[in-house]
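Protein chains: 2
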Amino acid sequence: MAFEVTEELLENVKSLIEQENNQELKRLLNDYHFADIAEITSELELTEATYLIKILNSEKTSEALMELEDDLRERILENLSAKEIAGELEEMDTDDAADVIAELSDELAESVISAIEDPEHAGNIVELLSYGETSAGGLMAKELVKVKETWTVAGCVREMRRQAKNVTRVHSIYVVDKKGVLIGRLSLKDLLTADAKSHISDIFIPKVDYVNVETEGEEVARIMQKYDLEAIPVIDKNGILVGRITIDDIVDFIKEEAEKDYQMAAGISQDVEADDNVWQLTRARLPWLVLGLFGGLGSVFIMEGYEEIMTEPNYKSLFFYTPLIAAMAGNVGVQSSAIIVQGLANNAVKGSLLNRLIKEVGLSLINGSALAILIIIFGFAMGYELNFSFTIAIALMSVIIVAALIGTFVPIILDKRGIDPAIATGPFITTSNDIFGIFLFFYIAKVILGI
Amino acid sequence: MAFEVTEELLENVKSLIEQENNQELKRLLNDYHFADIAEITSELELTEATYLIKILNSEKTSEALMELEDDLRERILENLSAKEIAGELEEMDTDDAADVIAELSDELAESVISAIEDPEHAGNIVELLSYGETSAGGLMAKELVKVKETWTVAGCVREMRRQAKNVTRVHSIYVVDKKGVLIGRLSLKDLLTADAKSHISDIFIPKVDYVNVETEGEEVARIMQKYDLEAIPVIDKNGILVGRITIDDIVDFIKEEAEKDYQMAAGISQDVEADDNVWQLTRARLPWLVLGLFGGLGSVFIMEGYEEIMTEPNYKSLFFYTPLIAAMAGNVGVQSSAIIVQGLANNAVKGSLLNRLIKEVGLSLINGSALAILIIIFGFAMGYELNFSFTIAIALMSVIIVAALIGTFVPIILDKRGIDPAIATGPFITTSNDIFGIFLFFYIAKVILGI
């Protein structure tokens, strides 16, 4: 069942392209799914890939193009004429076509749109381009099946046969009044089991979930997941049914969001992939490293202030503990922030801030005590004075408490101010916790040891 | 559109429960979606929640139960009799029912199964329990619509009306031969537009994607996403159609997987939520902190070995740089590993290991040079000797290269050995990179400065 592009198939395709043996190429690839064609395309050289897209049937290549990485698709499209691109778009659903157009230069986009033969399709694409990319309007497709409440079941089936030709998958049939306002839905199952003479108004379900064109994609994903919906209709501000979003688009959206959060937590600021080039990777990674560097230089400054401790034979070992303190502060901060960021994303952060504060302090005390005991045992083994070990243990506990509080409350505060809390995970938290942690460590040590 | 449990509604529900006013309670909650009932339930005290589940109609509560957090559902079920649980399971799809049974103690599970009235439903649940939880067999439901190739369209529609009653959503109609072997599919759309007298064998599509009962859930998710499938049939080793998996189950699966990876990267080893109790959170977090502590103590050991540098007035500042070195090693390692882990998950890591090695070294040289320049500027501002600044810069670059290589190749090696590479992100990489980084830093500094 699992499809893999074999070396053999790839060699075969490459040599057929070189021979410009279009007939054999079409025959060979005819039975492959568009997703497999996409996989083959992504393994070819750019000129070969472009050739393949040009000669295969648009019905298949249009879908294959949508499966490709954005970069590769853009590069292939650059080698096609406006008319050829328009040919691909004719076969795409409006939502995909609009996404492709949005990637083109303004000038090219215009000539492609005017090269689309079906004026309704072109008009729909232009409409979709007017919505924000991550809004329900930007995610929806215009293709759907709608029926009027006044129709009979038999008339409805006739009309649907006509409409369904343009719709890849019929999930629900939407019922509208004579102005086009969404008033309910009908499942294919209901239609299948209804008497042919009854009216739609007698059998439709007047309760229907919907979103507005302006609803944010994240909210659409939440609603569709919560109510287990496979498609949701989209209405404009007058209640007119203007499109629908299907679950497959939302699956992609959820995956992209999860990957973005993961990358942010890892200190990668742009959407990059393992196979991007060195410059793209540098742009995504270097800014966070510079942030980390400044954090580290901040620690250098702080320690310069405690330089005289180096002359205390019994206490100079404190400096050996700075990486440990920084690591613990960072780890605790990342743990706390990751839990909160996920909780915020799933709407699972409830209760008062005070309760959360008490809980985090409690948790830190438990974790801190366990680690403090280990530190004291280690100190005993190393032959440290007991008061020295105690000092490190107490300082470590304080650092852990502060790190947990920073990790917990920074994302909550960002979220309340409408900033994506995910930026607070990763390097941001580790860097600030490093500085706070080291400052606190030396401050507490100095006070306790009376240096 | 967005539903929120208001304080008012909650108070109302609570007081009706206290008054045991079942009639009014049923009337009040009648119009709410099961997902909303689940949200209300999760805000109640356990005894109230149990009361609500008992008195509301099983048709609604069975679905609401599936929306609850696993913990809460288990606690509610503990307060129900075997017969009451069986009543809920009767209304669930077989896949959900099997998941619930799997959470019960063996003894209770047995009495619940024998209390289920419909022997076919009970038999199906028992069958599902025999598969691995994350295999296609464990994810699938027995509910589906299947027709025989020999039937006519009219006969098929009659039979489907009967079958469809048990199926929440009809995606595809599966076509089987007389032994029950899957041979193709039919869309509702096709059936709607076909002549009533034609035979299924004339109109069905003989190409159908499927998975085996033993296929792993991750692979099922990959196939369904790649081919944009909303449902996929599952066959046993003889090709017999035994169930189907729908996209909503896979959406949950994808989300859980993404959250697990994210938590692992953050150093959280079990599936926990912001609202779990302190002990659960400690169990998930403490092990990684202990790992970090051991790493930190390893650094202490290493630095003890370089203690004599503290007596060098010009070079003792090296010790102030250890948190910086550790942080940079950690950040670079996490960035590299995150990109590789995502790439492995998306099958996007291609090409030879040597090329990847060259690329990582190149990337590290670029990032490292930029950071080295900043370090030298900082040293100039602080009035360090130039050879001291250069030493730190060169040591930092070496550390970055090694950290990037560890971050890149550890996940690749783990993946090749069949271990989830996500465990290599987060604390594991940062801890090992801390130790390597600090060792390398002092070693290089000593060699260059000739201390």
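Respectively, the protein sequence lines represent chains A and B.
Mapping of the first sequence onto the working numbering: position 391 corresponds to residue 391, and the numbering continues sequentially without gaps.
Here the working numbering runs 451 ahead of the position in the second sequence, where the first position is 1.
Every residue gets a Cβ at the ideal spot worked out from N, C-alpha and C, and that includes glycine.
What three-state label does DSSP hand residue i in the structure shown?
i	result
A:R417	coil
B:E667	strand
A:S317	helix
A:A231	strand
B:I468	helix
B:A453	With a pLDDT of 49 at B:A453, under the threshold of 50, the predicted position of this residue should be treated as unreliable, though the coordinate-derived value follows. B:A453 falls in the coil class under three-state DSSP.
A:G243	strand
B:G877	coil
B:S623	strand
A:S111	helix
B:V577	helix
A:G450	coil
A:V100	helix
B:H572	helix
A:T152	strand
A:I205	strand
A:I116	coil
A:I376	helix
A:S135	strand
A:K226	helix
A:S187	strand
A:L182	strand
A:A338	helix
A:V272	coil
Go through its chain and collect everything with a Cβ distance to residue i's Cβ below 6 Å, but skip five positions before and after it.
i	result
B:P862	S788, I791, V792, P872 and A875
A:S25	Contrary to the premise, residue 25 of chain A reads as Leu rather than Ser in this sequence. So the qualifying residues of the chain are L16.
A:G292	P427 and T431
B:A453	Confidence at B:A453 is low in this model, with a pLDDT of 49, below 50, so its placement is unreliable and no value can be given for it.
B:A566	A533, K534 and A537
B:G588	Y582 and V664
A:M92	S62
Using only CA atoms, which one of the options lies nearest to residue i?
i	options	result
A:G437	A:V181, A:V126, A:K416 and A:M303	A:M303
A:S172	A:G184, A:K178 and A:R27	A:G184
A:L440	A:L396, A:K416 and A:T431	A:L396
B:E763	B:E811, B:F839, B:G631 and B:A780	B:F839
A:F319	A:F428, A:A231, A:A445 and A:E219	A:A445
A:A403	A:G330, A:E385, A:A345 and A:L374	A:G330
A:R73	A:V361, A:A102, A:E90 and A:K148	A:A102
A:D195	B:T644, B:R612 and B:G668	B:R612
A:P206	A:K148, A:D261, A:D248 and A:I250	A:K148
B:E430	B:C607, B:Y625, B:Y483 and B:E584	Chain B is shown from 452 up to 902; residue 430 of chain B falls before or after that span and cannot be answered.
B:P570	B:E558, B:E759, B:L555 and B:E541	B:E541
Kindly list the residues whose CB is nearer than 8 Å to the CB of residue i, restricted to its own chain and excluding five residues on each side of it in sequence; keep chain order.
i	result
A:S111	A82
A:V153	L191, A194, D195, A196, K197, S198, H199, I200 and I203
What does a CB cutoff of less than 7 Å around residue i pick up in its chain, not counting 5 residues either side in sequence?
i	result
A:R356	T408
B:I686	L633, Y661, N663, L692 and V693
B:L732	V723
B:I905	Residue coverage of chain B in this structure runs from 452 to 902, which leaves residue 905 of chain B outside it and unanswerable.
Sorry if obvious, but does the Cβ on residue i come closer than 8 Å to a heavy atom of the ligand ATP?
i	result
A:R222	Although the ligand ATP was asked about, the structure shown includes no ligands whatsoever.
Between residue i and residue j, is the Cβ-Cβ spacing less than 9 Å?
i	j	result
B:A725	B:V785	no
A:Y306	A:F442	yes
A:I516	A:L139	Here chain A comprises residues numbered 1 to 451, so residue 516 of chain A is not present and cannot be evaluated.
A:L65	A:A98	no
A:Q472	B:K511	Coverage of chain A is limited to positions 1 through 451, which leaves residue 472 of chain A absent and any answer about it impossible.
B:L737	A:L324	no
B:N575	B:T601	no
B:I837	B:I827	According to the sequence displayed, residue 837 of chain B carries Leu and not Ile. Yes; because the gap between Cβ atoms is below 9 Å, this pair is in contact.
B:A592	B:D547	yes
B:V464	B:L497	no
Margin query: Closer than 9 Å between beta carbons: that is the criterion. Which residues of the segment 227 to 254 of chain A meet it against chain B?
Written below: Taken in chain order, the members of the segment 227 to 254 of chain A whose beta-carbon sits within less than 9 Å of a beta-carbon on chain B are Y227, D228, L229, E230, T246, I247, D248, I250, V251, D252 and I254.
Check: Which residues, taken in chain order from the segment 317 to 334 of chain A, show a beta carbon closer than 8 Å to some beta carbon of chain B?
Finding: S317, F319, F320, Y321, T322, P323, L324, I325, A326, A327, M328, G330, N331, V332 and V334
Notebook entry, point to check: Got a sec: which bits of the segment 255 to 270 of chain A sit with their beta carbon under 8 Å from any beta carbon on chain B, in order along the chain?
Noted result: Interface annotation for the segment 255 to 270 of chain A against chain B: K255, A258, E259, D261, Y262, Q263, A265, A266, G267 and I268, criterion Cβ-Cβ distance under 8 Å.
Next item on the list: With 8 Å as the C-beta to C-beta threshold (strictly closer), list the residues of the segment 733 to 747 of chain B near chain A in chain order.
Entry: Flagged, chain order: T733, R736, L737, W739, L740, V741, G743, L744, G746 and G747.
Notebook entry, point to check: Given a limit of 9 Å on CB to CB distance, which residues of the segment 577 to 590 of chain B reach chain A?
Noted result: none
Next item on the list: Give, in chain order, every residue of the segment 413 to 446 of chain A whose Cβ lies closer than 9 Å to some Cβ of chain B.
Entry: The segment 413 to 446 of chain A vs chain B, Cβ under 9 Å: T425, G426, P427, T430, T431, D434, I435, G437 and I438.
Check: Along the segment 750 to 770 of chain B, what residues have a CB closer than 7 Å to any CB found in chain A?
Finding: S750, V751, M754, E755, M761, K767 and F770
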